[in-house]
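Undergrad: Residue numbering for the sequence shown follows the UniProt record's numbering, beginning at 1 and increasing consecutively. Even for Gly, the Cβ is constructed at its ideal location relative to N, Cα and C. Note that the coordinates shown come from a computational prediction; the quantities given were computed from them, not determined experimentally. For reference, the structure I am asking about is given below.
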Amino acid sequence: MTAAEAGAAARPECLFCEIATGERPGHVVLADEVAVAFLDRRPVFKGHVLVVPRAHAETLGDLPADLVGPFFIRVQSVARAVELGTGAAGTFVAMNNRISQSVPHLHVHVVPRNRKDGLRGFFWPRTKYADKEEMSAYAARIREAMSR
Numbered sequence: 001m002t003a004a005e006a007g008a009a010a011r012p013e014c015l016f017c018e019i020a021t022g023e024r025p026g027h028v029v030l031a032d033e034v035a036v037a038f039l040d041r042r043p044v045f046k047g048h049v050l051v052v053p054r055a056h057a058e059t060l061g062d063l064p065a066d067l068v069g070p071f072f073i074r075v076q077s078v079a080r081a082v083e084l085g086t087g088a089a090g091t092f093v094a095m096n097n098r099i100s101q102s103v104p105h106l107h108v109h110v111v112p113r114n115r116k117d118g119l120r121g122f123f124w125p126r127t128k129y130a131d132k133e134e135m136s137a138y139a140a141r142i143r144e145a146m147s148r
């Protein structure tokens, strides 16, 4: 399957496919033929981004082999942009496969990190954006950092 063919392979009633196709709103920071990245609505820290393949794949094992490299190039770019856009000292990059996967669509978490930020192990306390305007502002900063 090519990236173009995979881009057309969205699954009906999948929340992340709906965001990727624009059927459902999301604070998108990257969208191309391979991946879509958007703010997590329940972030660990503000600026927490989810990177999903445009094509529906439930787990990493389901992602076509020819898309693995291009997909992780997007994850790498988003990780840099999250640091630049939020002023974070680093990022935590992680994914679940089935277990603890709240949406059954492959997604990589890119979480901004700073020393002594309170994140310990795999306990992920969640925070909230004050409002849609604050969420939009974080998305804009990360989007702008994608071009640096």
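Check whether the Cβ atoms of Ala37 and Arg54 sit closer than 8 Å, and answer yes or no.
TA: Stepping through the sequence shown from its first residue, residue 37 is reached at position 37. Stepping through the sequence shown from its first residue, residue 54 is reached at position 54. Taking 8 Å as the Cβ cut-off, Ala37 and Arg54 do not qualify as a contacting pair.
Undergrad: When DSSP labels each residue in this structure, what does Pro70 get in the three-state scheme?
TA: Here the question's residue 70 lines up with position 70 in the sequence shown. Reduced to three states, the DSSP call for Pro70 is helix.
Undergrad: Who does Val110 pair with in a DSSP beta bridge?
TA: As a first step, residue 110 must be located in the sequence shown, where it is residue number 110. Val110 pairs with Val49 and Val93.
Undergrad: Rounded to whole angstroms, how far is the Cβ of Val49 from the Cβ of Leu39, which I believe are closer than 8 Å?
TA: Looking up residue 49 in the sequence shown gives position 49. Looking up residue 39 in the sequence shown gives position 39. Between Leu39 and Val49 the Cβ distance is about 6 Å, and since that is below 8 Å, they are a contact.
Undergrad: Compare the beta carbon distance of Met95 and His27 with 8 Å and say whether it is the shorter of the two.
TA: Working through the sequence shown from its first residue, we reach residue 95 at position 95. Working through the sequence shown from its first residue, we reach residue 27 at position 27. Going by C-beta atoms, Met95 is not nearer than 8 Å to His27.
Undergrad: Starting from Leu30 and walking both ways along the beta strand (DSSP E), at which residues does that stretch end?
TA: For the purposes of this step, residue 30 is taken as residue 30 along the sequence shown, with counting starting at 1. Residues Val28 to Ala31.
Undergrad: Here's the rule I'm using: 16 or more other beta-carbon atoms within 10 Å means buried, otherwise exposed. How should Val29 be labelled?
TA: Position 29 of the sequence shown, counting from 1, holds the residue named residue 29. Counting Cβ neighbours within 10 Å, Val29 comes out buried, since at least 16 surround it.
Undergrad: Please state whether the Cβ-Cβ distance between Arg11 and His56 is less than 8 Å.
TA: Locating residue 11 in the sequence shown gives position 11, where the first residue counts as 1. Locating residue 56 in the sequence shown gives position 56, where the first residue counts as 1. Yes. Within cutoff.
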